[in-house]
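Colleague: Okay, handing you the structure first.
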Amino acid sequence: MSQASVQSQTRADEAFDCLQTAIVKGELAPGERIGEVELCARFDLTRGPLREALGRLESRGLLVRRPHAGVKVVSVSADELVELYRIRELMEGLAARQAAERMTDEEIADLQATLDSHEAMINQAHGQAYYQEEGDYDFHHRIATGSRNAKLAQMLLGDLYYMVRMYRYRLSTSVGRPHKALNEHRRIVEAIAQRDGELAEFLMKRHISAARRNVEKNIADGLMSF
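Residues in the sequence shown are numbered consecutively from 16, following the numbering used here.
And the structure:
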């Protein structure tokens, strides 16, 4: 690959990361219509890398393209979001149980270290937000891959994962929620380290259930728009 091609790909990756982060953090809101000219100006991007980034975001289900309506950030209804959390509760509970049975000691130690870095990030944000980049830095991503269940991980880390991340960040800014969520993560990892699959599943399901109740409260209080 030529140097020009490498540079073009790098710019496309940067555009993708920039826009995906903007979607997850709500800077590009669910349902918002977006245009290439506006995005180029707003995020200091050029057309070629931007178009490639938009295609990748569309393939991940974060953007939808409809005839005569242009490109919009994906959105779900309040009822659909609650149902997504109910699905996560069951699936991630199983993932935690299998992670307790299958993760190596080294992987568990590394996950504990990742949670330490999460704590530092939360403190830096003065307890106001809990933003986890996708992949290995994301607690839920690590549990899914640590389950060593390829089909389960495929379901958890497909469109469901990217869509839920949009709302996880918005909910993480609720007062007191960042530190509470981190403590819940730590207890789950402790159960995994003890190889107690039953406890890990119970704690994960309770963690997701608490998040779902937070969703429902925010909806009832009119703090989330759809």
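Don't be surprised by glycine CBs; every beta carbon is placed ideally from N, CA and C.
Measuring CA to CA, which of E29, D28, L72 and A27 is closest to I49?
Modeller: Residue numbering aside, residue 49 sits at position 34 when the sequence shown is read from its first letter. If we check each option's Cα against that of I49, L72 comes out closest.
Colleague: Report buried or exposed for V179, applying the criterion of at least 16 other Cβ atoms within 10 angstroms of its Cβ.
Modeller: If you number the sequence shown from 1, residue 179 lands on position 164. Buried, by the Cβ-count rule.
Colleague: Helix, strand or coil: which one does DSSP assign to V21?
Modeller: For the purposes of this step, residue 21 is identified with residue 6 of the sequence shown, where counting begins at 1. For V21, the predicted structure reports a pLDDT of 46, less than 50, and the residue's modelled location is therefore unreliable. A value from the coordinates is still provided. Looking at V21 - three-state DSSP - the assignment turns out to be helix.
Colleague: R48 bridges to which residues according to DSSP?
Modeller: Residue 48 sits at position 33 when you count from the first residue of the sequence shown. DSSP lists K87 as partners of R48.
Colleague: Thinking just about the alpha-carbon of each residue, which of A124, Y146, A115 and R26 is nearest to the one in P193?
Modeller: Along the sequence shown, read from residue 1 onward, the residue named residue 193 stands at position 178. Of A124, Y146, A115 and R26, the residue nearest in Cα terms is Y146.
Colleague: Any idea what DSSP makes of R103, helix, strand or coil?
Modeller: Numbered from its first residue, the sequence shown carries residue 103 at position 88. Here R103 sits in helix by DSSP.
Colleague: For R227, collect the residues of the same chain with a Cβ closer than 6 Å to its Cβ; drop the 5 residues on either side in sequence, then sort them by chain order.
Modeller: Residue 227 sits at position 212 when you count from the first residue of the sequence shown. Y100, listed in sequence order.
Colleague: Is the beta carbon of D174 closer than 9 Å to that of G46?
Modeller: Residue 46 sits at position 31 when you count from the first residue of the sequence shown. Residue 174 sits at position 159 when you count from the first residue of the sequence shown. Contact flag unset, no.
Colleague: Since V79 sits in a beta bridge, which residues does DSSP pair it with?
Modeller: Residue mapping note: residue 79 aligns to position 64 of the sequence shown, counting from 1. DSSP output for V79 lists K87 as bridge partner(s).
Colleague: Can you find a heavy atom of the ligand FMN that lies under 8 Å from the Cβ of R202?
Modeller: The model on display carries no ligand, and the ligand FMN is accordingly not part of it.
Colleague: Could you pull out every residue in the same chain whose Cβ sits closer than 6 Å to the Cβ of A30, ignoring the five residues on either side in sequence?
Modeller: In the sequence shown, residue 30 corresponds to position 15, counting from 1. Once the five neighbours on either side are set aside, the close Cβ partners of A30 are L60, P64, L65 and A68.
Colleague: So which of V79, R81 and A124 has the shortest CA-CA distance to Q209?
Modeller: Within the sequence shown, numbered from 1, the residue matching residue 209 stands at position 194. Out of V79, R81 and A124, A124 has the C-alpha closest to the C-alpha of Q209.
Colleague: Any idea if R80 is buried or exposed, counting beta-carbon neighbours within 10 angstroms, 16 or more meaning buried?
Modeller: The sequence position of residue 80 within the sequence shown is 65, counting from 1. So R80 ends up on the exposed side.
Colleague: Output yes or no for whether 9 Å exceeds the beta carbon distance between E95 and I223.
Modeller: For the purposes of this step, residue 95 is identified with residue 80 of the sequence shown, where counting begins at 1. For the purposes of this step, residue 223 is identified with residue 208 of the sequence shown, where counting begins at 1. Not closer than 9 Å, so no.
Colleague: Alpha carbons only, please: which of A206, T129, G212 and I234 is nearest the one belonging to H156?
Modeller: As a position in the sequence shown, residue 156 is number 141, starting the count at 1. Per the Cα distances, T129.
Colleague: Please go through the same chain and pick out, in chain order, the residues whose beta-carbon is closer than 6 Å to the beta-carbon of C33, but skip the five residues on each side of it.
Modeller: Residue 33 sits at position 18 when you count from the first residue of the sequence shown. Same-chain partners within the cutoff: F58.
Colleague: Let's see if you can read the secondary structure: which residues bound the alpha helix (DSSP H) around L197?
Modeller: Mapped onto the sequence shown, residue 197 falls at position 182. Start and end: R192 to A208.
Colleague: What does the Cβ neighbour count give for E216, buried or exposed, with the cut at 16 atoms within 10 Å?
Modeller: Against the sequence shown, residue 216 aligns to sequence position 201. Per the 10 Å Cβ criterion, buried.
Colleague: Does the segment 136-150 come close enough to the segment 109-123 to have 3 or more Cβ pairs within less than 8 Å?
Modeller: Contact fails: fewer than three Cβ-Cβ distances are below 8 Å.
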